[in-house]
Every structure is written in structure tokens, then in C-alpha cells.
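Below: the structure, in C-alpha cells.
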Amino acid sequence: MTDIARLLIQLEDIRPPVRRRIEVPLDIRLDDLHLVVQAAMGWENCHLYEFRVGGRDGPAYGVPDPDGVFTESDPRPARKANLADLLAQLSTRTRAFKYVYDFGDDWRHSVKLEAIAAADPDIAYPHLLRAERACPPEDVGGPWGYARYLEAIANPAHPEHADMIEWRGAAFDPAVADEAEIRRRMKRIATRLGNRRGRTAGKTGGKTGGTTAG
Numbered sequence: 000m001t002d003i004a005r006l007l008i009q010l011e012d013i014r015p016p017v018r019r020r021i022e023v024p025l026d027i028r029l030d031d032l033h034l035v036v037q038a039a040m041g042w043e044n045c046h047l048y049e050f051r052v053g054g055r056d057g058p059a060y061g062v063p064d065p066d067g068v069f070t071e072s073d074p075r076p077a078r079k080a081n082l083a084d085l086l087a088q089l090s091t092r093t094r095a096f097k098y099v100y101d102f103g104d105d106w107r108h109s110v111k112l113e114a115i116a117a118a119d120p121d122i123a124y125p126h127l128l129r130a131e132r133a134c135p136p137e138d139v140g141g142p143w144g145y146a147r148y149l150e151a152i153a154n155p156a157h158p159e160h161a162d163m164i165e166w167r168g169a170a171f172d173p174a175v176a177d178e179a180e181i182r183r184r185m186k187r188i189a190t191r192l193g194n195r196r197g198r199t200a201g202k203t204g205g206k207t208g209g210t211t212a213g
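The sequence shown begins at 0 in numbering that gives the first Met the number 0 and counts up by one.
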């Protein structure tokens with residue numbers, strides 16, 4: 000098995016912080032890492048995204064837009080790079096990069112590499128270690144809109160209270176992360192990645208005429 004990277008993901012401009020600590024294969028493709036971040040945070044994968052190294056002017060990875068309308072930069076294809084490629088470009092001082100989701104609401108996540116370690120053969124990756132607080136609702140309007148949303152649902156006298164409750168329901172609790180749902184989503188991704196690894200290993204073994212370890 001490949002080594003794994005332990006990552007701390009924190010949503011910027013939100014207090015108290017919304018954080019996730021996860022472990023992922025070091026060789027995970029960045030388009031797959033995007034899906035892992037979506038699952039870990041609780042987003043719905045409805046918008047474009049970018050991984051960025053070294054700020055706005057640094058290299059970015061995402062889904063290239065030939066018209067240049069929906070992206071802030073000209074990203075390299077995420078499906079053609081993996082996490083190890085991205086980590087090799089990080090500053091040794093910060094060991095951090097950005098994940099930006101939804102260029103309208105502009106959700107910015109700080110992703111810090113905490114460790115690289117050997118994979119545990121008894122764990123399916125990606126793997127959730129810890130989740131702190133709920134993900135904001137999709138399309139709530141970014142950090143500013145989320146603050147307004149929380150104010151409205153907490154105050155029955157707020158002029159937008161009824162509309163916000165009708166929009167997302169009355170059960171939203173910003174203090175509680177749904178870890179069970181996160182783990183279910185992670186498990187689905189782990190199964191898909193495992194199946195892909197198995198197919199790749201089988202093709203490699205077939206070409207060389209040898210056998211492949213399971």
C-alpha cells in the first residue's frame with residue numbers, strides 16, 4: 000500500500016472553526032481528493048473548485064474552463080496530478096495549500112499537511128479522524144451569508160427566520176458534524192478507489208506476465 004498523508008482542513012473566515020482531520024493515500028489524484036474534501040466537509044459537489052499552492056499567483060489544479068468564465072485562473076487538470084505532486088511544491092515552512100470551492104460563495108479551505116506515514120492495512124482510505132462542527136449549507140452566500148443565516152435561524156423574530164427555516168429546515172445545528180454520514184461517504188470513495196487500484200494492478204500484472212499482490 001502507498002503511504003498516507005494526514006491532512007487538517009479548516010474552513011477560513013468561520014468562527015468557531017469548522018475543521019476536519021483526514022488521512023488519504025499520498026498518490027491520490029487531485030480530482031479524487033476534491034471528492035474526499037467534499038465528503039469530509041459535507042459539501043454537495045455542485046460547483047467548480049481549485050487546489051492552489053502559494054496564493055493566487057501560484058500553480059492551481061482544477062477543471063480547466065476553455066472560456067475562462069467560471070474559474071479565477073487557468074488551472075492545470077486535477078485528474079493529471081496527485082497529492083504527492085502538489086505537496087512537492089509546498090513551502091517547507093508552512094506545508095499548507097488552499098482548496099477553493101464555489102467561486103460565487105468563495106469557500107476557502109486551508110489544508111495543512113500534518114504527517115506522512117505508512118498506511119495501516121486494516122484501514123480503508125480515505126479515512127476520517129475527526130470532524131468539528133457542521134458544514135455551512137450549500138449556496139448560503141459564503142461566510143457573510145452563513146453568519147446571516149445563523150442569526151436568522153436562531154431568532155424567531157428575525158425578518159428572514161421563516162424563509163430560512165423553510166429553505167433548509169429547522170434541524171440544522173452548527174455545532175454538530177454528522178460524522179456517521181461523513182464516514183459513509185468516505186467508505187464509498189474508498190471502495191471506488193480500491194476497485195480502481197485493483198483494475199490497475201491487474202492490467203500491470205497482465206502486461207508483465209507476473210503476479211500482483213492483493
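Glycine included, each C-beta is placed from N, C-alpha and C at the ideal position.
Model, not experiment: these values are computed from the prediction.
If contacts are defined as beta-carbon pairs under 8 Å, then residue i and residue j qualify, I think. What distance do you get, rounded to the angstrom?
{"i": "GLU49", "j": "VAL99", "result": "5 Å"}
{"i": "ILE13", "j": "PRO125", "result": "Incorrect: roughly 22 Å between the Cβ atoms, too far for contact."}
{"i": "ASP172", "j": "ALA133", "result": "6 Å"}
{"i": "ILE152", "j": "ALA38", "result": "Not confirmed; about 25 Å, so no contact."}
{"i": "THR1", "j": "ALA118", "result": "6 Å"}
Reducing DSSP to helix, strand and coil, say where residue i ends up.
{"i": "PRO142", "result": "helix"}
{"i": "LEU34", "result": "helix"}
{"i": "ILE21", "result": "strand"}
{"i": "ASN197", "result": "Correcting the residue type first, residue 197 is Gly in the shown sequence and not Asn. Residue state, collapsed to three classes: helix."}
{"i": "ALA59", "result": "strand"}
{"i": "ARG94", "result": "coil"}
{"i": "LEU6", "result": "strand"}
{"i": "GLY213", "result": "Because GLY213 sits at a pLDDT of 30, beneath the cut-off of 50, its placement in the model cannot be relied upon, and the following sentence gives the value as read from the coordinates. If DSSP states are grouped into helix, strand and coil, GLY213 belongs with coil."}
Just curious, the beta strand (DSSP E) that residue i is in, first and last residue?
{"i": "GLU131", "result": "126-131"}
{"i": "VAL110", "result": "106-116"}
{"i": "ARG51", "result": "48-51"}
{"i": "ILE27", "result": "Counting along the chain, ILE27 falls outside any beta strand (DSSP E), and DSSP gives it neither H nor E."}
Would you give the residue range spanned by the alpha helix (DSSP H) that residue i belongs to?
{"i": "ALA83", "result": "82-86"}
{"i": "GLU43", "result": "Careful: GLU43 lies outside any alpha helix (DSSP H) and carries neither H nor E."}
{"i": "ARG218", "result": "The structure shown has nothing for residue 218, since the chain only spans 0 to 213."}
{"i": "ILE13", "result": "First-last for ILE13: undefined, no H or E at that position."}
{"i": "ASP162", "result": "160-167"}
Residue i: buried (16+ other C-beta within 10 angstroms of its C-beta) or exposed?
{"i": "PRO155", "result": "exposed"}
{"i": "ARG184", "result": "buried"}
{"i": "ASP31", "result": "buried"}
{"i": "LEU128", "result": "exposed"}
{"i": "ARG19", "result": "buried"}
{"i": "ARG92", "result": "exposed"}
{"i": "ILE8", "result": "buried"}
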